[in-house]
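Notes follow once the structure below has been shown.
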Ligand SMILES: Nc1ncnc2c1ncn2[C@@H]1O[C@H](COP(=O)(O)OP(=O)(O)OP(=O)(O)O)[C@@H](O)[C@H]1O
Ligand SMILES: [Mg+2]
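Chains as they are written, first to last, in the UniProt record's numbering: chain A, 1 to 509; chain B, 1 to 304.
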């Protein structure tokens, strides 16, 4: 029997058709993966099932009954729960308070905190999740926060769980744990819909897969009947090279050199210990590591957002210790920050303004303090075409209305188009579809071909392995190993990422 | 020693209006609404209190009317700032300006007074002599014989703490202020919660205003709140939005006020003495500011 049936569903935003007559059937007790490129309409489709957006036309049936949800509350009432990519949790509250939000247990006016905790812990234990009800959200890892979101839905007795890109922010270990949890939930009779760009995850957990492209239904297939290559082809509509070719490159002078840098976080704990690294012209250097081992802080230190306690960062023979990101960009260092919405974009600013943000003082865009709108619009058009950014015909729209992957492409396009000598990218393809990953990777390699230097920080080991010539592995704020990609293996890096070394002897310069 | 007790007694007296406004303001602050209209809400409370006391001769009706007038402003603020999504700072400042002008205008047009309105018919708030408290040494010198609002301010502190941390309402208010999307995602009535928060604030501001006008002096003077609403805001920020912290800072500011009054008998130009509370606030805010940025290592925007 079908748990969910969607018939001829359409959603228009103004003139733009985001979802175009989609039919979808989800069976009870299956894990159903939704795949598609950035901007294909996956999130929009799911938001309609969850009552966050109203369809323009078409029908939704839940257990055979037609529904018209006005709000998520009604969807939850009908047994549909959704976990968003951006969590909706209150950081200063405890796990149990967040789970019960809106459904507190009270006696008179007073909230029965003890009882609440016990109830929630019961649910957590029932599903065998690794969580402590009394922890505060702000103190637990991203993976744990996601488990809170899932339990929040399960505690409300939903049968259908929708997850929008759940693994985008998780470490590989956390992702494995998540997939195990989802499979266990499926086995206990829940229906699960998962949106993800990572085809290996799809292969691992899904029963069936539905692909959509440009808002249209392409097909639903059984997982066991297809391989990754075939899914990718359905998504993109052409063959996608899943592994990348890059020719050898002769490296030149040192471009950036970090010497024994130490740094502390705002809360006063040391986050970087004696980190030294360098990158040469015509070289791509990767920084690997399980997320949370100091890579983000290294990125911030390199991009002028974190004060150093000691040590020195030298770029083309000048110290850049105290330079602001703006100054660094003026020195031809391109910066792609880890969190596109926090440091990469201004979501309420227009697409075209975001495409020059940080470079808006350049003579080209700003003459005597006056922004050159024509030039800016022209520049935007040009980049959108060159970087194949989808669905932004109107460049005066807010960046916030773009899909996640397209928003990321805006940041990449902006930084690359300024033709920097050194490009520092953190999580360059997070939330980006495979077609676009291929494209971004090619662009990065093109940079190397032009004898530029590139630093890639990524928690995707495969990304670091395919791109880099040389890899530094970080563990607990230290660089614990350095390897030439050609002379190492995924396994060896993986071992280093876990913090295991045996009397490391460094090499190379 | 006696001197100290007198100053402490007067500190509680001076603290009451600031603390009432500040503790009231804590709710809007926690709901993520910056309410700069605390000042105007107090002033309208002071004005209405005096007028109604003069007209009816009943202190009870006067207090009720003061609270009502202040809450009407709260509603006005909410309609413009929350429902219509106007800029809350501009809305708040507009309310302050309107109240300042309107009270002076009414005073002149209807009561023929310029700047000050004082009349023997105005009934004030009498200090309370509390049985058990009066027999406790020291404490009685500090806390006995205060106007009712001093006790109300202490009660407000306890209630605010309970509501904010032990009831659904408080939990929801904190949720709305800290993560609005979380509130939306479980269907909490976000706007209604913001309204309630603002109205709790204006309720207490009304009481604070009455206290300024009807304790001790029993008269209305143009702009007689002289920035206490903003001092209350400073107390909220310094106290990081907790009722207890807010009260402590209100008390500190009240102390500076009391000190200023005490020093007025000295032979120093009055204007200098009157600066003391404000200098003190600048000092406190500077210290609070330095403490909060100390040890920060990230440049630019802080990761939230
Ligand atoms: N509120 C909105 N107003 C206008 N356009 C919108 C709005 N929300 C989404 N869109 C557009 O609809 C299209 C589909 O967006 P959606 O977020 O569903 O994509 P997606 O498949 O989830 O992509 P991604 O993998 O990048 O997250 C995008 O082109 C987006 O720009
Ligand atoms: Mg999406």
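Using N, Cα and C, we set each Cβ at its ideal position, and we do this for glycine too.
What residues from chain A crowd round residue i, counting only those whose CB sits closer than 7 Å?
i, result
"residue 160 of chain B", "The premise fails here: residue 160 of chain B is roughly 14 Å from chain A at the closest Cβ pair, so nothing lies under 7 Å."
"residue 33 of chain B", "Residues of chain A passing the Cβ test: none, with the nearest at roughly 17 Å."
"residue 186 of chain B", "101, 102"
DSSP on residue i, reduced to helix/strand/coil?
i, result
"residue 96 of chain B", "helix"
"residue 33 of chain A", "strand"
"residue 284 of chain A", "strand"
"residue 470 of chain A", "strand"
"residue 113 of chain A", "helix"
"residue 367 of chain A", "strand"
"residue 433 of chain A", "coil"
"residue 184 of chain A", "helix"
"residue 163 of chain B", "helix"
"residue 341 of chain A", "helix"
"residue 483 of chain A", "strand"
"residue 26 of chain B", "helix"
"residue 98 of chain A", "helix"
"residue 191 of chain B", "helix"
"residue 507 of chain A", "Note on residue 507 of chain A: pLDDT 40, under 50, position unreliable in the model; the coordinate value appears next. In this structure, residue 507 of chain A counts as coil in the three-state DSSP scheme."
"residue 50 of chain A", "coil"
"residue 127 of chain A", "coil"
"residue 386 of chain A", "helix"
"residue 201 of chain A", "helix"
"residue 20 of chain A", "strand"
"residue 253 of chain A", "coil"
"residue 121 of chain B", "coil"
"residue 357 of chain A", "coil"
"residue 168 of chain A", "coil"
"residue 89 of chain A", "coil"
"residue 13 of chain A", "strand"
"residue 14 of chain B", "helix"
Please list the partners that residue i has in chain B, where partner means a Cβ-to-Cβ separation under 8 Å.
i, result
"residue 90 of chain A", "174, 175, 178, 179, 182"
"residue 291 of chain A", "Simply none; closest approach about 15 Å."
"residue 97 of chain A", "171"
"residue 71 of chain A", "187"
"residue 300 of chain A", "298"
In chain order, what residues of the same chain lie with their CB nearer than 7 Å to the CB of residue i, ignoring the 5 residues before and after it?
i, result
"residue 154 of chain A", "123, 127"
"residue 29 of chain A", "186, 189, 191"
"residue 174 of chain A", "143"
"residue 26 of chain B", "160, 236, 241, 243, 246"
"residue 111 of chain B", "117"
Where does residue i land, buried or exposed, given buried means 16+ other C-beta within 10 angstroms?
i, result
"residue 65 of chain A", "exposed"
"residue 149 of chain A", "buried"
"residue 86 of chain A", "exposed"
"residue 416 of chain A", "buried"
"residue 197 of chain B", "buried"
"residue 16 of chain B", "buried"
"residue 389 of chain A", "buried"
"residue 294 of chain A", "buried"
"residue 131 of chain B", "exposed"
"residue 60 of chain B", "exposed"
"residue 271 of chain B", "exposed"
"residue 16 of chain A", "exposed"
"residue 68 of chain A", "exposed"
Within a Cβ cutoff of 8 Å, which residues of the same chain sit near residue i, ignoring the five residues on either side of it in sequence?
i, result
"residue 302 of chain B", "Low confidence applies here, because residue 302 of chain B scores a pLDDT of 47, under 50, leaving its location unreliable and the question unanswered by this model."
"residue 240 of chain A", "229, 232, 233, 434, 435, 438"
"residue 280 of chain B", "252, 253, 256"
"residue 182 of chain B", "175"
"residue 129 of chain B", "144, 145"
"residue 519 of chain A", "Nothing in the structure corresponds to residue 519 of chain A, since chain A is present only between 1 and 509."
Name the chain B residues that come within less than 7 Å of residue i, Cβ to Cβ?
i, result
"residue 182 of chain A", "The premise fails here: residue 182 of chain A is roughly 21 Å from chain B at the closest Cβ pair, so nothing lies under 7 Å."
Using a C-beta to C-beta distance shorter than 8 Å, which residues of chain A count as neighbours of residue i?
i, result
"residue 103 of chain B", "In chain order: nothing, as chain A lies at least about 37 Å away."
"residue 167 of chain B", "106, 109, 110, 111"
Just to confirm my understanding: we take residue i, look at its own chain, exclude 5 residues before and 5 after, and list those with CB closer than 6 Å. What are they?
i, result
"residue 221 of chain B", "116"
"residue 191 of chain B", "82"
Residues of chain B with CB under 9 Å from residue i, in chain order?
i, result
"residue 263 of chain A", "297"
Comparing the CB of residue i with every heavy atom of ligand 3, is any distance shorter than 7 Å?
i, result
"residue 248 of chain A", "This structure lacks ligand 3; its bound ligands are ligand 1 and ligand 2."
- In chain order, what are the residues with a CB under 5 Å from some non-hydrogen atom of ligand 1? A/13, A/18, A/38, A/39, A/40, A/41, A/42, A/43, A/44, A/391, A/401, A/402, A/403, A/404, A/405
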